[in-house]
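*Asks:* Submitted below is the structure of interest, expressed as structure tokens.
Residue numbers (the working numbering): 15 to 139.
Below is the structure:
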């Protein structure tokens, strides 16, 4: 398993024109909404690697061997923040082959247990 964390910094909307900039509120004349954008990535490198945790602030973990899910099956994943399940999280997904605009991406939502089931529609490349 390979994991990476990237701090994309603070972003702020300028209340005057709605433009978003990668800066803190203190550097915007008329700041609107502001948010912090950490990014996390996780790559599974071979069978069994799904069992290894990256211990990231937010983590999506398969609950079974993803390489063994047949076409037409579902991949169950658990979304956690600091080791606690996150309910109501919308996960968008794709097959890595078919380009989709962001607003057309299929999605699933986690239940109270932080688990969502992602349908596998085709074999990967």
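C-beta: ideal position from N, C-alpha, C; glycine also.
Source: prediction; values computed, not measured.
(1) Nearest CA to the CA of residue 25: which residue from 16, 42, 38?
(2) Quick one, which of 22, 87, 63 has its alpha-carbon nearest residue 136's?
(3) If you drop the 5 nearest sequence neighbours on each side, which residues of the same chain put their C-beta closer than 6 Å to that of residue 131?
(4) With DSSP run on the structure shown, which of helix, strand or coil describes residue 118?
(5) Can you check the segment 85–137 for any beta strand (DSSP E) of at least 3 residues that lies completely inside it and give the ranges in chain order?
*Replies:* Working from what's here:
(1) 38
(2) 87
(3) 88, 90
(4) helix
(5) 88–95, 104–106, 121–123, 129–133
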